[in-house]
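In our numbering, the protein residues as written are 1 to 503. Note that the Cβ used here is the ideal one computed from N, Cα and C, for glycine as well. Structure first, then comments.
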Amino acid sequence: MIVTPVPYRSKPTSRVTILALFAKAEVRQHPFFSGLPSGVQQTVLAFVKSKEFAGRADEVRVIPYGSTGKSVLLLGLGEKKTWNHRTAMVASRRIVMVAKQHRLVDVAVRLEDLAWANASPSAVAQVITENAHLAHYDYTRYRSSPTGGWPNVRKLTLLCAVGILPAVKRGVKAGTVIADATNHARDLANTPGGDLTPEGVSAAAVNVGKDHGVRVHVLHKKDLEKLGAGGILGVARGSDAPPTLTIMEYAAPGHAKDQPLVFIGKGVTFDSGGLNVKPDTSMYEMHMDMSGGAAVIGALAAVAQLKLPVRVIGLIPAAENMSAGAAYRPGDQLKSLSGKTIEVMHTDAEGRILLADALTYAERYQPAAVIDVATLTGAAVVALGNRAAALLSPNETFSQELRTLAETSGDFAWPLPLWTEYEAEIKGTFGDFSNTGKSRSGGAITAAAFLWQFAKKFSKWAHMDIAPTMTSIEGQHLAKGATGAGTRLLVAYARSLVASLQE
Numbered sequence: 001m002i003v004t005p006v007p008y009r010s011k012p013t014s015r016v017t018i019l020a021l022f023a024k025a026e027v028r029q030h031p032f033f034s035g036l037p038s039g040v041q042q043t044v045l046a047f048v049k050s051k052e053f054a055g056r057a058d059e060v061r062v063i064p065y066g067s068t069g070k071s072v073l074l075l076g077l078g079e080k081k082t083w084n085h086r087t088a089m090v091a092s093r094r095i096v097m098v099a100k101q102h103r104l105v106d107v108a109v110r111l112e113d114l115a116w117a118n119a120s121p122s123a124v125a126q127v128i129t130e131n132a133h134l135a136h137y138d139y140t141r142y143r144s145s146p147t148g149g150w151p152n153v154r155k156l157t158l159l160c161a162v163g164i165l166p167a168v169k170r171g172v173k174a175g176t177v178i179a180d181a182t183n184h185a186r187d188l189a190n191t192p193g194g195d196l197t198p199e200g201v202s203a204a205a206v207n208v209g210k211d212h213g214v215r216v217h218v219l220h221k222k223d224l225e226k227l228g229a230g231g232i233l234g235v236a237r238g239s240d241a242p243p244t245l246t247i248m249e250y251a252a253p254g255h256a257k258d259q260p261l262v263f264i265g266k267g268v269t270f271d272s273g274g275l276n277v278k279p280d281t282s283m284y285e286m287h288m289d290m291s292g293g294a295a296v297i298g299a300l301a302a303v304a305q306l307k308l309p310v311r312v313i314g315l316i317p318a319a320e321n322m323s324a325g326a327a328y329r330p331g332d333q334l335k336s337l338s339g340k341t342i343e344v345m346h347t348d349a350e351g352r353i354l355l356a357d358a359l360t361y362a363e364r365y366q367p368a369a370v371i372d373v374a375t376l377t378g379a380a381v382v383a384l385g386n387r388a389a390a391l392l393s394p395n396e397t398f399s400q401e402l403r404t405l406a407e408t409s410g411d412f413a414w415p416l417p418l419w420t421e422y423e424a425e426i427k428g429t430f431g432d433f434s435n436t437g438k439s440r441s442g443g444a445i446t447a448a449a450f451l452w453q454f455a456k457k458f459s460k461w462a463h464m465d466i467a468p469t470m471t472s473i474e475g476q477h478l479a480k481g482a483t484g485a486g487t488r489l490l491v492a493y494a495r496s497l498v499a500s501l502q503e
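In structure tokens form, the structure reads like this:
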């Protein structure tokens with residue numbers, strides 16, 4: 001799908017015209033209404049008069065007309081007083097999902113119809129473009145194509161005033177890049193664990209590096225042994241697939257010596273739970289347990305394509321957590337890269353062990369900020385449901401900054417406390433730290449408290465538990481499967497630093 005900004009003075013050639021209307025809006029006042037054939041106008045008015053269309057949220061009517069496949073799409077926006085960037089995101093997705101459902105290949109919408117109060121034209125264009133591309137995505141790699149092929153919206157035209165066209169073009173470009181990166185993360189996360197091993201994750205990062213000018217270096221099993229990354233190696237012991245630690249580095253010209261941002265993504269390509277095996281109902285989607293790693297790969301791709309004047313390091317510790325004779329056991333003591341020992345209380349708390357080694361590895365960069373992204377705990381899902389990731393940091397200012405960016409980026413997140421009192425929960429009995437808390441309560445927090453022990457040297461560190469938002473849910477107007485959670489927030493943070501330097 002291509003999103004194309006077109007000024008109003010140019011006559012749109014789209015086959016589908018969208019009348020996006022708030023509840024109780026006067027349809028005759030919409031700028032597109034007067035250009036419709038009189039018969040179509042009467043049909044639209046009949047829908048409104050009979051209250052078959054009243055502009056309610058999620059209300060849609062498609063009215064075909066003529067012999068050339070033209071249509072009018074009536075799109076309800078709900079109450080104007082509740083309209084904001086969040087509702088604009090969902091409406092942008094609905095346009096594409098409805099177009100796919102009705103096999104409408106070429107649609108046009110007025111930018112102003114989806115704008116919210118005090119929003120810049122660039123921001124509105126980015127939201128529309130980004131979410132249209134996210135809705136257009138579908139994972140069909142393993143499915144036979146239906147008769148007529150997969151539904152495909154070839155073109156979405158954004159009609160806007162001439163004076164704001166340059167800003168709209170900037171928004172469309174950013175939205176396209178970020179959505180493509182997010183959809184790439186979805187592709188990786190949706191790939192079955194049998195087809196995407198730790199070495200496959202590394203290969204995906206290498207391909208991104210070749211395509212977008214990102215330096216990529218992969219540490220394989222022997223390298224990790226030499227390094228002393230006992231956490232990564234310990235988790236991987238039960239698998240025939242060797243672990244990797246992938247290092248991605250983007251630096252804009254003149255920024256190679258900057259203090260970098262470091263993004264760390266959990267890369268468990270399949271999580272059986274290890275010897276503490278998961279119930280069968282909890283194991284099905286565990287090929288997506290590398291969604292954090294996928295988000296980091298996507299974020300580095302987007303940062304490079306946007307040519308942001310920053311330096312960003314991506315670290316992806318990858319392993320399979322499997323059961324075998326060599327698998328690590330409850331009660332084992334793993335010597336982490338930091339030199340501290342990790343007392344294994346439960347083998348299904350493996351992701352934090354990988355991240356511990358990656359956090360220690362990040363110290364060598366003396367980073368300006370560190371964000372780790374991981375599908376870490378079911379406890380985060382219990383706490384927040386499926387509409388927001390958990391955000392934890394001992395730096396409340398940093399946490400609030402990320403919370404604001406989560407809201408505007410669409411990667412919604414909500415803070416949980418991370419106080420020093422929680423550190424007592426993960427003190428080991430025979431080792432330095434335990435990989436689980438002393439009780440089942442507050443599991444998302446105690447997991448973050450464990451990670452905190454390996455992040456003490458960072459003035460800005462935050463942990464984002466994306467387990468709640470790993471997969472799409474009903475009403476989001478996204479295809480089933482992975483969402484690419486975390487990708488957009490990481491990119492938003494990098495862009496925010498650029499904006500702050502330019503102020």
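Handout entry: Buried/exposed call for A326, threshold 16 Cβ in 10 Å
Key = Residue 326 sits at position 326 when you count from the first residue of the sequence shown. When all chains shown are included, A326 counts as exposed.
Practice task
Would you tell me roughly how many angstroms separate the C-alpha atoms of A20 and D138, rounded to the nearest one?
Solution key: One-based indexing of the sequence shown puts residue 20 at position 20. One-based indexing of the sequence shown puts residue 138 at position 138. Whole-angstrom Cα-Cα distance: 25 angstroms.
Handout entry: Nearest residue (CA-CA) to R103, options K155, A179 and I128
Key = Sequence index remark: in the sequence shown, residue 103 carries index 103 (1-based). Out of K155, A179 and I128, K155 has the C-alpha closest to the C-alpha of R103.
Problem - 7 angstroms Cβ shell around T43 - same chain, five flanking residues per side excluded - result: For the purposes of this step, residue 43 is identified with residue 43 of the sequence shown, where counting begins at 1. Counting only Cβ-Cβ distances below 7 angstroms, and skipping sequence neighbours, we find I63.
Problem - Span of the alpha helix (DSSP H), counted from its first residue to its last, around Q333 - result: Along the sequence shown, read from residue 1 onward, the residue named residue 333 stands at position 333. Here Q333 belongs to no alpha helix (DSSP H); instead the beta strand (DSSP E) covers Q333 to K335.
Handout entry: Uninterrupted alpha helix (DSSP H) stretches inside the region 218 to 286 (no shorter than 4 residues)
Key = 221 to 227, 230 to 236 and 280 to 283
Problem - L416 beta carbon less than 9 angstroms from that of A462 - result: As a position in the sequence shown, residue 462 is number 462, starting the count at 1. As a position in the sequence shown, residue 416 is number 416, starting the count at 1. No.
Exercise for the section: Return the CA-CA distance between T487 and L77, expressed in angstroms with no decimal places. Expected result: For this step, residue 487 is matched to residue 487 along the sequence shown. For this step, residue 77 is matched to residue 77 along the sequence shown. Their Cα atoms are separated by approximately 27 angstroms.
Practice task
Would you decide whether E320 is buried or exposed? Buried here means 16 or more other CB atoms lie within 10 Å of its CB.
Solution key: If you number the sequence shown from 1, residue 320 lands on position 320. Buried, because 16 or more other Cβ atoms sit within 10 Å of the Cβ of E320.
Exercise for the section: Give the DSSP bridge partners of R61, in chain order. Expected result: Residue mapping note: residue 61 aligns to position 61 of the sequence shown, counting from 1. Its beta-bridge partners are L74.
Handout entry: Buried or exposed (CB count within 10 angstroms, at least 16 for buried), R28
Key = Position 28 of the sequence shown, counted from the start, is the residue given in the question as residue 28. Exposed.
Practice task
Drop a sphere of 10 angstroms on the beta-carbon of D465, count the other beta-carbons inside from all chains shown, and report buried for 16 or more, exposed for fewer.
Solution key: Against the sequence shown, residue 465 aligns to sequence position 465. Buried, since its Cβ has 16 or more Cβ neighbours within 10 Å.
Problem - Own chain residues within Cβ distance below 7 angstroms of H346, not counting five before or after - result: On the sequence shown, residue 346 is found 346 positions in, with the first residue counted as 1. So the list reads N276, P330, N435 and T436, once near-sequence residues are dropped.
Problem - Pick from W452, A455, K480 and E401 that is closest to L489, judged by C-alpha positions - result: Walking along the sequence shown from the start, residue 489 turns up at place 489. When each option's Cα is compared against that of L489, the closest is E401.
Problem - Environment of K266 [buried if 16+ CB atoms lie within 10 Å] - result: Position 266 of the sequence shown, counted from the first residue, corresponds to residue 266. Looking at its Cβ environment, which holds 16 or more other Cβ atoms inside 10 Å, K266 is buried.
Practice task
Could you check the C-alpha separation between V498 and E396 for me, to the nearest Å?
Solution key: Residue 498 sits at position 498 when you count from the first residue of the sequence shown. Residue 396 sits at position 396 when you count from the first residue of the sequence shown. Between V498 and E396, the C-alpha separation is close to 21 angstroms.
Problem - Alpha-carbon spacing of L159 relative to H220, whole angstroms - result: For the purposes of this step, residue 159 is taken as the residue at position 159 of the sequence shown. For the purposes of this step, residue 220 is taken as the residue at position 220 of the sequence shown. Straight-line Cα distance between these residues: approximately 51 angstroms.
Exercise for the section: Excluding the 5 residues preceding and the 5 following G298 in the sequence, name in chain order all residues of the same chain whose CB lies nearer than 7 angstroms to its CB. Expected result: As a first step, residue 298 is located in the sequence shown; it is residue number 298 there, counting from the start. Closer than 7 angstroms at Cβ, skipping near neighbours: A181, T182, H184, A185, G484 and T487.
Handout entry: Residue burial classification, G475 (beta-carbon count within 10 angstroms, cutoff 16)
Key = As a working note, residue 475 is residue 475 in the sequence shown. Exposed is the call here.
Practice task
Go ahead and pull the three-state DSSP assignment for D432.
Solution key: For the purposes of this step, residue 432 is taken as the residue at position 432 of the sequence shown. The answer is coil: DSSP assigns D432 none of H, G, I, E or B.
Handout entry: Residue range of the alpha helix (DSSP H) that includes L402
Key = Stepping through the sequence shown from its first residue, residue 402 is reached at position 402. Note, L402: alpha helix (DSSP H), E396 to S409.
Problem - L156, DSSP secondary structure in three states - result: In the sequence shown, the residue the question calls residue 156 occupies position 156. In the structure shown, L156 sits in a strand (DSSP, three-state: E or B).
Handout entry: Helix, strand or coil at W116 according to DSSP, with G and I counted as helix
Key = The residue you call residue 116 lines up with position 116 of the sequence shown. Residue state, collapsed to three classes: coil.
Handout entry: Classification of P5 by the beta-carbon crowding that lies within 10 angstroms, buried from 16 upward
Key = By one-based count along the sequence shown, residue 5 stands at place 5. With 16 or more other Cβ atoms within 10 Å, it is buried.
Exercise for the section: Check L134 in the structure and name its three-state DSSP category. Expected result: Position 134 of the sequence shown, counted from the start, is the residue given in the question as residue 134. L134: helix per DSSP, three-state reduction.
Handout entry: Alpha-carbon spacing of T375 relative to M290, whole angstroms
Key = Numbered from 1 along the sequence shown, position 375 holds the residue referred to as residue 375. Numbered from 1 along the sequence shown, position 290 holds the residue referred to as residue 290. Cα to Cα, the separation comes out at about 7 angstroms.
Handout entry: Option nearest A23 by Cα separation, candidates F32, T17, H212 and R56
Key = On the sequence shown, position 23 is the one that residue 23 refers to. Nearest C-alpha to A23: R56.
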